[in-house]
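Using the numbering used here, the letters of the sequence shown correspond one by one to residues 635 to 1431. Structure, as structure tokens:
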Amino acid sequence: MLGRLFGSGKGAAKKRPTPSPSGAGEDPLVWVSRKLDAALQHHQAGRLPEAEAVYREMLAVDPENIDALHFLGVISHQRGEHGRAAELISRALSRNPSNAPAHNNLGNALGAQGKLNEAVVSYLNALALDPDYVDALVNLGAALRAQGKPDRALACYQRALALAPVAPAARAGLHDALRDQGDVGKAAVRHDKAPTLESGSCEWHFDQGNSHKDQAQWDEAVASYEKALSLAPDFSPAYVNLGNVLNVQGKPDQAIACYRKALVIEPDLLEAHYNLADVLRDQNRLNEAIPCYEKVLALRPDLPDAHYGLGHVFRNQGRLNEGLACNKKALSLDPEYVEARWAFAMSQIPKMYGTDADPMSCRTAFAGQLDELERWFDGTRSAQGFKAVGTQQPFPLAYQEENNRSLLKRYGDLCARLMGEWFGRQGFVVPGRRSSDGVIRVGIASQYFWNHSVWKAIVKGWFEKIDRERFALYAFYFGVRQDEETVLARSSAMRFEQGAKPLRQWVQGIIDQQMDVLIYPEIGMDPMSIKLASLRLAPVQVATWGHPETTGLPTIDYYLSAEDMEPPGAQENYTERLITLPHLGCFYRPWGGEAIHPDLGKLGIDPRSPLFLCPGMPFKYAPQHDWVIAEIARRLGRCQFIFFIPEVSNLAEKLRQRLEAVFTRYGLNIDEHVIFIPWLNGPAFDGLLDRADVFLDTIGFSGFNTAMQAVERGTPIVTREGRFLRGRLASGILKRMGLQELVAGSEEDYVSLAVKLIRDGEYRGRVRKRIEAERPVLFEDMAPIRALENFLAEVAK
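In structure tokens form, the structure reads like this:
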């Protein structure tokens, strides 16, 4: 990048007579030349302190030395001191306005401060002096892209390539500008027609990698970037693009390593900082992502994407107000930023409530923002709305024990409208019902074909037990993670499509397979699922309880649930037609395997104390129920409640702060009763279940897989039956076993039952024995499979 900073345009470094500092008779021109050569050697080698010292030596003799001012400004820019850089370079230009590279570098410093209009003027000044200045053309193109002017940017890149056919930055900018216009295919064609780089060079392999990346040819792109880096190990753009592809391939750790290598070479490389922040955010390494976004904003305070990304982090940490402020800032910089506008509406419902949050006020705010969002996406903006759908979702609504049907219907209608407008512009042809060949084609579209709770509870049984003479299963897997469960799904499917494909490829791929029925096991947890589910890609489309809430989508016809888990009159909770399969609605196998019993002392748990296991994610605990834990502690005295710390540790801290406030009101010391421990894997969690006296189910949003694990270990469960499916998962399990006595009808009953199970050891022992005797009824139940088959046959007619 240094070459681009120094430039070679007209008016570049000129050596003019300067007084000799020594007075020893050395020719001033020779002295200037010697000092400037020495400084530039240091500078171009990356030895910035040494270069700075020489430039300052020159300025001590001549405070207005043009070259020293200019290049000292370049150093300031490289260090992120962009205001100082602009000041120094402007001083140089006041002495020599004909220096095209100085105008170009001034543009870089201004652009880094978010002063895009002024940066554009500087690049134009450079080009007025030197119309063939390739670096200024490339930089002008980048500034115009940042201003949302891809057409003008495209012209800059085309002009640069006409002058320098093998300039990688110009070629990459051309592709980016074409992508901005929404035409990846044209970008690939333009790439193929671009002037040929020297075959086998670093730039050639880098260019090939970009072409493969544009066409989602991930393995080929990786090979090209790696070859480029083998030829030029310090070529930072190749590390950045390699990291981007590795991340798409589901290799985030390798992607992070690539970005860090790029930053060793160029510490202020904005793209590397930004992409590193995004990957860390997506990996829930939120505390690491924050300083990366902050570094991006130090380099480019005006970058809306960085404000939006930081807001996403804050939302995931439950920092509602900070997240909303970031979205507001992004919108102030780019009022047409559809993802930020969408996020501002979705973020009204926090992921986790703090001590001062009012869930009902948040709900009201969300409803108001949904009204505004529907109006905001007018005829012009709605064309870009598909980009926003799924980027953030109102998933936290489910943690409020309220009927969300009306809100989610409005949300679903908006998603379907925006996605439908995109679909109508693409020229897809969706065939009608195909002629029957005796086998019903059932598509399963999901992000979770691996050992995930959705797969374990719902989908796995379909792949294992559905009648293959009547049904053919087609798997559409949006993710890249693989394990033994992925292998099972692949081997059981008639067709298994997998990968990080663009939206258009997934739509065409599903259409091509001509599904009779298309099932989405969970809608609301994954961006691609909601985008696709908002479209009509099959004659019959179905959702189920991977996310136990209505989708609100007019494109989803049926919702598959379970008889034992739905309340009376449940249809009123759904926009879809509700279908309840028998019993628990699923074919479920025991976890099996040997438990690993953890050392309780090392975890900070008192083995002599009665132990309550509280296994829910922190955001499942609604603040209005915090008193329940404190009341149990007040009645029992000695006891411990074991909670878990997820990847996003801030959420556990918020829950602890809330509980501490309640315990204090009860006159109790939280440290004597509540402990948070690291998240445990399956065998270790089983071991802790063996040591626990009681399993406390979350109130309002119940647990299914964790409750089934507790049943397998014989651990008594206390649950409060909820008003909706999501609050009745554990109660459905207990009722199926005939253990209604463990299902409380109110929070007060919940407290009393928990206390009774601790105080009455004989009763607790009887409950354990009954669980062990009755639990076989839960497992490997074929009735839901047979009912599912009948349903599929009926709707596919």
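Note that the Cβ used here is the ideal one computed from N, Cα and C, for glycine as well. None of these values were measured; they are calculated from a predicted model.
Practice problem: Determine the direct distance from the alpha carbon of residue 914 to that of residue 992, and round the result to whole angstroms. | Solution: Rounded to whole angstroms, residue 992 to residue 914 spans 30 Å at the Cα level.
Quiz item: In whole angstroms, what is the alpha-carbon distance linking residue 1032 and residue 795?
Solution: Spanning the two alpha carbons is a distance of roughly 53 Å.
Quiz item: How about residue 932: is its Cβ closer than 6 Å to a heavy atom in the ligand NAP?
Solution: Judged by which ligands are present, the structure shown has none, so any question about the ligand NAP falls away.
Self-check item: Beta carbon of residue 866 nearer than 7 Å to that of residue 836
Solution: Yes; because the gap between Cβ atoms is below 7 Å, this pair is in contact.
Self-check item: Backbone CA spacing between residue 776 and residue 787 [nearest angstrom]
Solution: Looking at the two C-alpha atoms, the distance is approximately 7 Å.
Quiz item: Can you pull the DSSP bridge partners for residue 1176?
Solution: Within the DSSP bridge table, the entry for residue 1176 names 1153 and 1192 as partners.
Self-check item: Bridge-paired residues (DSSP) for residue 1310
Solution: Bridge partners of residue 1310: 1277.
Quiz item: For the putative contact between residue 734 and residue 766, defined by C-beta atoms under 8 Å, what is the C-beta separation to the nearest angstrom?
Solution: The Cβ separation is near 10 Å, so there is no contact.
Quiz item: In whole angstroms, what is the alpha-carbon distance linking residue 1369 and residue 1208?
Solution: Computed Cα separation, rounded: 23 Å.
Practice problem: Would you identify the three-state DSSP class for residue 1080, choosing helix, strand or coil? | Solution: Strand at residue 1080.
Practice problem: Determine, using beta carbons only, whether residue 1056 and residue 1020 come nearer to each other than 7 Å. | Solution: By the CB criterion at 7 Å, residue 1056 and residue 1020 fall inside the cutoff.
Quiz item: According to DSSP, is residue 1413 helix, strand or coil?
Solution: In this structure, residue 1413 counts as coil in the three-state DSSP scheme.
Quiz prompt | Member of 956, 1059 and 712 whose CA lies at the smallest distance from the CA of residue 685 | solution = Nearest of 956, 1059 and 712 to residue 685, Cα basis: 712.
Quiz item: Using the C-alpha atoms, what's the distance from residue 1115 back to residue 1416?
Solution: Distance between the alpha carbons of residue 1416 and residue 1115 is about 29 Å.
Quiz item: Hey, how far is the Cα of residue 1217 from the Cα of residue 1164?
Solution: Computed Cα separation, rounded: 28 Å.
Quiz item: Which one or two residues does DSSP pair with residue 1215 in a beta bridge?
Solution: Its beta-bridge partners are 1196.
Self-check item: Nearest residue (CA-CA) to residue 1405, options 1276, 1159 and 1346
Solution: Comparing Cα-Cα distances from residue 1405 to each of 1276, 1159 and 1346, the minimum goes to 1346.
Quiz prompt | Distance CB(residue 672)-CB(residue 688) smaller than 7 Å | solution = A distance below 7 Å separates the beta carbons of residue 672 and residue 688.
Quiz prompt | Assumed close pair residue 953, residue 981 - CB separation to whole angstroms, cut-off 8 Å | solution = Not quite, the Cβ-Cβ distance comes to about 10 Å (not below 8 Å), so this is no contact.
Exercise. Tell me where the alpha helix (DSSP H) around residue 1063 begins and ends.
Key: Unbroken run through residue 1063: none, as it is neither H nor E.
Exercise. Report the three-state DSSP secondary structure of residue 930 (helix, strand or coil).
Key: Here residue 930 carries a helix assignment [DSSP, helix/strand/coil].
Quiz item: residue 960 CB to nearest chain D CB: under 7 Å?
Solution: Reference to chain D is not applicable here, since this structure consists of a single protein chain.
Quiz item: If you draw a straight line from the alpha carbon of residue 1118 to that of residue 1085, how long is it in whole angstroms?
Solution: So the two alpha carbons sit approximately 8 Å from each other.
Self-check item: residue 1107 (DSSP reduced to helix, strand or coil)
Solution: It is a strand residue.
Self-check item: For residue 997, the nearest candidate out of 1042, 968 and 989 (CA to CA)
Solution: It is 1042 whose Cα lies nearest to the Cα of residue 997.
Practice problem: To the nearest angstrom, report how far apart residue 1189 and residue 1420 are at their CA atoms. | Solution: A straight-line Cα-Cα distance of about 26 Å links residue 1189 and residue 1420.
Self-check item: residue 1053 burial status per 10 Å Cβ neighbour count (16 or more: buried)
Solution: Its Cβ being crowded by 16 or more others within 10 Å, residue 1053 is buried.
Quiz item: If you draw a straight line from the alpha carbon of residue 1111 to that of residue 1078, how long is it in whole angstroms?
Solution: The straight-line gap from Cα to Cα measures roughly 8 Å.
Quiz item: What residue does the beta strand (DSSP E) around residue 1328 start on, and which one ends it?
Solution: Going by DSSP, residue 1328 is part of the beta strand (DSSP E) stretching over 1328 to 1330.
Practice problem: Could you tell me whether the region 1262 to 1274 touches the region 1385 to 1393, using the rule of 3 or more Cβ pairs below 8 Å? | Solution: With a cut-off of 8 Å, the region 1385 to 1393 and the region 1262 to 1274 count as touching, because enough Cβ pairs lie within range.
Practice problem: Report buried or exposed for residue 906, applying the criterion of at least 16 other Cβ atoms within 10 angstroms of its Cβ. | Solution: Buried: at least 16 other Cβ atoms inside 10 Å.
Quiz item: Looking at C-alpha atoms only, which residue of 1065, 1357 and 1120 is the closest neighbour of residue 1206?
Solution: If we check each option's Cα against that of residue 1206, 1357 comes out closest.
Quiz prompt | Where residue 1377 falls: helix, strand or coil (DSSP) | solution = Note: residue 1377 maps to strand in three-state DSSP.
Quiz item: Where DSSP assigns a beta bridge to residue 1245, which residues make up the other side?
Solution: Partner residues in the beta bridge of residue 1245, as assigned by DSSP, are 1274.
Quiz item: When you compare only the Cα positions, how much space is there between residue 822 and residue 856?
Solution: Its pLDDT being 41, under 50, residue 822 is placed unreliably by the model, and nothing is read from it.
Quiz item: Which residue from 847, 1241, 1237 and 1288 puts its Cα closest to that of residue 1260?
Solution: Among 847, 1241, 1237 and 1288, the Cα nearest to that of residue 1260 is on 1288.
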